[in-house]
């Protein structure tokens, strides 16, 4: 097994999680990861050894999403997994319900907010690597994360309006969102 193969295997779960946050669909995420991995393998000679492989891989995945899947997503409508998550409710498992609520609210965020939060919190990448993936300054990453967290909190608080029955669970979801802090 080559070094590139080992690197790909080590970051595959993070790539898949990031792809799911971008596409909101398990099948589309798998297709995106597969496409990105093929691109990595085909351009393995371009990878500069000694640099951060994970940042290189995330950049390829994000670019593939922006080039291919974003255009397709605008043209297609999927009931997808999100509709199923709304129907499925685990009995007597408050934390599971809180995470379902948080996941649903998270997917209501615009793509740029979901993307930055997934890179920083989901993959645990430091701001400097996220800046390399997004081709922007570290300060820009920090301000985008700040705006994305603010938008997430506003959505959660909007769900807590008196007309909504899930106030208690969403209060816990706000506490869970505090886990979205970078390392």
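Residue numbers (full-length UniProt numbering): 1 to 183.
Positions of the beta carbon are idealized from the N, C-alpha and C atoms, including for glycine.
Computed from a predicted structure; not experimentally measured.
Quiz item: Between the Cα of residue 134 and the Cα atoms of 6, 3, 102, 112, which residue gives the shortest distance?
Solution: 112
Exercise. Closer than 8 Å by C-beta to residue 183: which residues in its own chain qualify, once you throw out the five before and the five after it? Chain order, please.
Key: Note that residue 183 scores a pLDDT of 46, beneath 50, so its modelled location is shaky and nothing firm can be said.
Quiz item: In three-state DSSP terms, what is residue 129?
Solution: helix
Quiz item: Where does residue 110 sit, in a helix, a strand or coil, going by DSSP?
Solution: coil
Quiz item: By how many angstroms is the C-alpha of residue 26 removed from the C-alpha of residue 45?
Solution: 30 Å
Quiz item: How would you call residue 77, buried or exposed, if buried means at least 16 neighbouring beta carbons within 10 angstroms?
Solution: For residue 77, the pLDDT reaches just 49, beneath the cut-off of 50, and the residue's location in the model is therefore unreliable, leaving the point undetermined.
Self-check item: Own chain partners of residue 13 with C-beta closer than 8 Å, once the 5 adjacent residues on each side are dropped
Solution: none
Quiz item: Roughly how many whole angstroms lie between the Cα atoms of residue 22 and residue 62?
Solution: 9 Å
Quiz item: Which whole-angstrom value is the C-beta distance of residue 18 and residue 119, which I expect to be below 8 Å?
Solution: 7 Å
Exercise. Measure from the alpha carbon of residue 105 to the alpha carbon of each residue in 130, 155, 67, then state which is nearest.
Key: 155
Practice problem: Using beta-carbon positions only, say whether residue 116 and residue 148 come within less than 8 Å of one another. | Solution: yes
Quiz item: Quick one: Cα of residue 39 to Cα of residue 60, how far?
Solution: 8 Å
Practice problem: Could you work out which residue in 102, 65, 10 is closest to residue 35 when comparing CA atoms only? | Solution: 65
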